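Below is one structure, written out as structure tokens; comments come after it.
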Amino acid sequence: MTSSHGRGLHLAAAVDQRSAYDAGSYVELARLAESGGLDFVTLDDTFARPGPDALAVLSRVAPVTNRIGLVPTVTVTHTEPFHVQAAVATLDWVSRGRAGWRIDVSTTEGEARLFGRRHAAPADALWQEAGEVAEVAAELWDSWEDDAEIRDTATGRFVDRDKLHHVDFRGSEFSVKGPSIVPRPPQGHPVRVVDATEGQARRTAARYADVALVRAASSAQAGAVRAELRASAEKFGRDPDTLRVLVSLVVDLGDGEHAAEPGHGGGGPRQTAHGPLYRGGPVDLAELIAAWHGDRTVDGFHLTPVEPRRDLERLVNGTVALLQHRGLFRTFYPGSTLREHLGLARPANRYAVTGGAS
């Protein structure tokens, strides 16, 4: 179901866990989120702390879930863009069209030393490079037309070479020659997610992201950033309606059904060093989500539970159930891909449309 003003509400949740290395715990959280009809789950990753590889973990989650989108954080600084796009395309294949990737950068000298190829760079340069990675990934995904695979065992032909296209991309810090080694993903382009809270990332989000995440402590703050992102997207030649802006909140639902603390709940989240924090009950959180979305200031919410199992269960069985009961959130998945959940069209292949030469 969609909201009263005709624009669907989108909900996503983080499944991050401290020091958890067993796949089963991530599968359990993803299935719980899927039972609530959430658009996608995210799993954070960074070079700065120990932990399992997010993309690999969600590749394990993919075969044992059916509909929910899977969005690992992928750090594109110091990593090879060709390998990044192939890994994300593979996640889209193994999940049958449910992959996204949360594009992030690495800013510290300590992380740069892990690779030893170059020093840390300023954030604006890193986000420019991140945009170039997003661009070359799309070109490589398009380097195979959708029907390029033949798989004709009688003739021994696997691929129609006329439908493979060469990529020769030169960025500020890298160059890539294609085509890709992975056929075009089921979604065409897996969904690009960018945290657009910081100024340097906002420009990249406006130009390339399908989903922009924004940490905001009030509906007005979120609305102002959403308006800025949509205006910037339009300047880049995009239809601003192809960009979803989700507010990122940390949620602590440990108080059960008790009224939210002052400064939380209906009064809005409280700003903390780790971003806006909502502390209260599932009912109050449902009211906040309904109010902010009803103001047309946001397209949805990305929620990070303080206690993963406890808070995600209360989110799904409490907050989401209330929103569904009020007709504000879907009760089933009408489609099978993450793009369909988000109401985003599958991109046409640039080569097939234009008939460009290979």
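Letter by letter, the sequence shown follows residues 1 to 358 of UniProt numbering. Don't be surprised by glycine CBs; every beta carbon is placed ideally from N, CA and C. Computed from a predicted model, the values in this text were never measured in an experiment.
Does the distance from the C-beta atom of G37 to that of F329 stay below 8 Å?
Taking 8 Å as the Cβ cut-off, G37 and F329 qualify as a contacting pair.
Counting only the same chain and skipping the five closest in sequence on each side, list residues whose C-beta sits under 6 Å from that of R202.
Hits under 6 Å: A196.
Does the Cβ-Cβ distance between R339 and Q200 come in under 8 Å?
Result no, Cβ atoms of R339 and Q200 do not sit closer than 8 Å.
State the Cα-Cα distance for the pair A12 and A87, rounded to the nearest angstrom.
Rounded to whole angstroms, A12 to A87 spans 22 Å at the Cα level.
Between the beta-carbon of V298 and the beta-carbon of V250, is there less than 8 Å?
Cβ distance not < 8 Å, so V298 and V250 don't count as in contact.
Going by other Cβ atoms of all chains shown within 10 Å of its Cβ, with 16 needed for buried, is A348 buried or exposed?
With fewer than 16 other Cβ atoms within 10 Å, it is exposed.
Over the uninterrupted alpha helix (DSSP H) stretch that includes G110, give me the two end residues.
Segment E109 to F115, the alpha helix (DSSP H) holding G110.
In angstroms, rounded to a whole number, what distance separates the CA positions of V350 and V167?
The sequence shown places Arg at residue 350, rather than the Val named in the question. Cα-Cα distance, rounded: 12 Å.
Determine, using beta-carbon pairs with one atom in the region 104-111 and one in the region 73-86, whether at least three such pairs fall under 8 Å.
Because the criterion of three Cβ pairs below 8 Å is met, the region 104-111 and the region 73-86 touch.
Using C-beta distances below 6 Å, list every residue in its chain close to W292, excluding the 5 sequence neighbours before and after it, in chain order.
For W292, where only same-chain residues beyond five positions count, the Cβ hits under 6 Å are S219 and V298.
Please return the same chain residues whose Cβ sits closer than 6 Å to the Cβ of V176, not counting the five positions on each side in sequence.
Excluding sequence neighbours, V176 sits near P81, F82, V136 and F169.
Taking 8 Å as the threshold (C-beta atoms), are W144 and P190 in contact?
Contact flag unset, no.
Cβ-heavy atom distance between A345 and the ligand SAM below 7 Å?
Looking for the ligand SAM in the displayed structure turns up nothing, as the structure carries no ligands at all.
Mind checking who S175 pairs with in its DSSP beta bridge?
Beta-bridge pairing links S175 to R170.
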